[in-house]
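Take a look at the structure below.
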Amino acid sequence: MIPVTDHDKFVINAIFNPNYPLDFDGVSQADTSVSSQFEKQVIELKQLEAEGVRLAEHNYLTEAIECFTRAIEINSQQPSPYNNRAQTFQLQNRTKEANVDLNTAIELASSDNSHQKVLCLALTQRGILNRFLGKNEASLEDFQRAAELGSPFAKQQVLLTNPYAAACNEMLAKIFKQASGAQKHISFKFSPS
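Just so you know, we're using my numbering here: the sequence shown kicks off at 17 and counts up by one.
Quick look at the structure:
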């Protein structure tokens with residue numbers, strides 16, 4: 017493991033304690049041990065999440081959920097493990113648990129601008145879940161919020177719910193289908209010069 021330099025500590029302090037003075041020389045030994053403990057916690061949390069994702073990708077869903085749960089136990093204020101666990105719950109068709117975790121992830125991510133990517137993913141995922149559960153209005157609201165955060169999938173879902181856009185998409189699909197069918201019947205004859 018690479019040792020943490022004073023500059024690294026300064027940057028971490030500036031990020032996580034923006035209201036504190038940036039005079040790093042005045043930090044006591046007790047403060048650095050707390051900072052070191054926090055850094056270890058962040059590393060462990062990231063490792064557990066990565067392991068959980070790896071396990072889920074290999075269809076070890078119960079073990080993946082255990083990893084995400086341990087990550088939540090380390091820091092219950094991080095939205096990412098809730099979002100990942102929700103996705104794994106959905107793979108097990110455990111929609112109630114998935115919905116609870118998505119609501120928690122969205123609530124936590126909404127309160128902190130540094131978690132906008134997780135917020136976007138959780139809103140998109142909850143939009144899909146709400147649609148599956150027949151909650152079309154709630155689904156559209158989630159997709160609209162996720163679209164505002166930049167999700168191309170959510171933008172597409174919002175467009176598809178617009179009746180005018182849906183009609184346009186249907187007409188374009190027919191036109192392209194007819195055009196591709198017409199091209200098959202066109203033959204070119206070249207005459208010798």
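Heads up, the beta-carbon is just placed ideally off N, CA and C, and yes, glycines get one too.
Distance from L118 to N99 at the Cβ level is roughly 7 Å; contact confirmed, criterion being Cβ atoms closer than 8 Å. Shown here for I88: same chain residues with a beta carbon closer than 6 Å to its own, the five before and five after excluded, namely P97 in chain order. E60 has its alpha-carbon roughly 17 Å from the corresponding atom of R101.
In the three-state DSSP reduction, D128 falls in the coil class, being neither helix nor strand. The segment 82 to 155 contains, as complete alpha helix (DSSP H) runs of 4+ residues, the segments 95 to 107, 111 to 126, 132 to 148 (chain order).
Minimum Cα-Cα distance from Q57 among the listed residues T78, L135, Q93 corresponds to Q93. If you draw a 10 Å sphere on the C-beta of Q108, you find fewer than 16 other C-beta atoms in it, and that means exposed.
With a threshold of 16 other beta carbon atoms within 10 Å, G143 meets it and is buried. Burial is judged here by how many other beta carbons sit within 10 angstroms of a residue's own beta carbon; D158 has at least 16 and is buried. In the three-state scheme derived from DSSP, where H, G and I count as helix and E and B as strand, Y180 is classed as helix. No Cβ-Cβ contact shorter than 8 Å links S155 with R161.
By a beta-carbon distance limit of 8 Å, A138 contacts P95. Their separation comes to about 7 Å. Rounded to the nearest angstrom, the Cβ distance from L77 to T111 is 14 Å, too far for a contact under 8 Å.
Taking the C-beta atoms as reference points, T120 is found no nearer than 8 Å to A72.
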